[in-house]
Amino acid sequence: MSVYNTDNKGRYYIRLHRCKFGEGFFTNFGKTRNQGVDLQIVQEFDNVRLTGTYSYLEATYEENGLLFGERSVQARPGMRIPGIPENVFRLGVDWTPQDALKIGVTLIATSDLVTQGNEDGLIGGDDDVVARDASVDGYQLVNVNMRYEQSNNLTIFARITNLFDEKYETYGAMAESVFTRNGSFVDDDEGPTVNRFVAPGAPRGIFVGLNYSF
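Below is the structure:
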């Protein structure tokens, strides 16, 4: 177990262009803090190894300031920094049925994320200018891996990430949209809406390869 508390100055963040989502530049914020706890448990049973880890992280702004973007947010001490989950849990099972073969399964679960542009939490799903809830949900993924040592020189490996092809998001930002709540283009009589734009997580991936040393 480890416990930590780190104060930083000049942490950078992306300052989004107010009118052009996806464009912006990096700038610095005064004082921020990372504090949390990391736990790890390892247990072995014959040819099975269990590994569990849990991380709790509070990443916060620690002074007053102005965060620019589609909407200007007044940062205050204790406000969460967007894009960083507070809770991350991993559980791994490694099975070695024979000396040359190793099979592993890993479960990863995270809590929700604060969306950039809604650090103050004032935008919600019932806001008449927001097309949907402004939060970014946590996710759960399962990864599988296999490693087989054919000889002292040759190793064959395979890996499947996101085994069940879950649809998830890794980041979110509020920005002006050219679409209305029902999905049609805005017209001259309607003002633009403010929507949540997200970074989608990677779909299922399958990797196979070999290592040969000589």
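Under my numbering, read the sequence shown as residues 114 to 327, first letter to last.
Where a beta carbon is used, it is the ideal one built from N, C-alpha and C, also for glycine.
Within its own chain, the residues whose Cβ lies closer than 6 Å to the Cβ of F320, once the five positions on either side in sequence are excluded, are R272, listed in chain order. Per the DSSP secondary-structure output, S115 pairs in a beta bridge with D151.
Using a Cβ distance threshold of 8 Å, R317 and T283 do not count as a contacting pair. Looking at the DSSP output, M192 sits in no beta bridge, so it has no partner there. Taking the Cα positions, G285 is about 44 Å away from D159.
L267 is classed as exposed because its beta carbon has fewer than 16 other beta carbons within 10 Å across all chains shown.
V206 and V161 do touch by the CB rule: their CB atoms are close to 7 Å apart, below 8 Å. The shortest CA-to-CA distance from N258 to any of W208, R309, G251 is the one to W208. Between A247 and R309, the C-beta gap is smaller than 8 Å, which places the two residues in contact.
For N147, same chain residues with a beta-carbon under 6 Å away, outside a window of 5 residues either side, are T119, A172 in chain order. Relative to the Cα of T164, the nearest Cα in the group E175, L152, Y174, L170 belongs to L152. Per DSSP, the continuous beta strand (DSSP E) segment holding Q211 begins and ends at 200-211. Shown here, R124 sits in a strand according to DSSP, grouped into three states. Following the DSSP letters along the chain, one finds F181 in no beta strand (DSSP E), marked with neither H nor E. No alpha helix (DSSP H) of 4 residues or more sits fully in the stretch 252-284. Taking 8 Å as the cut-off, the Cβ atoms of Y117 and F142 do not count as close.
Note: N324 is bridge-paired with T268 in the DSSP secondary-structure output. Boundaries of the beta strand (DSSP E) harbouring A222: 214-223, taken from the DSSP string. Contact annotation: T223 and Y252 have beta-carbon atoms nearer than 8 Å. The three-state reading of DSSP puts P316 in coil, since its state is none of H, G, I, E or B. For L170, DSSP records a beta bridge to G149.
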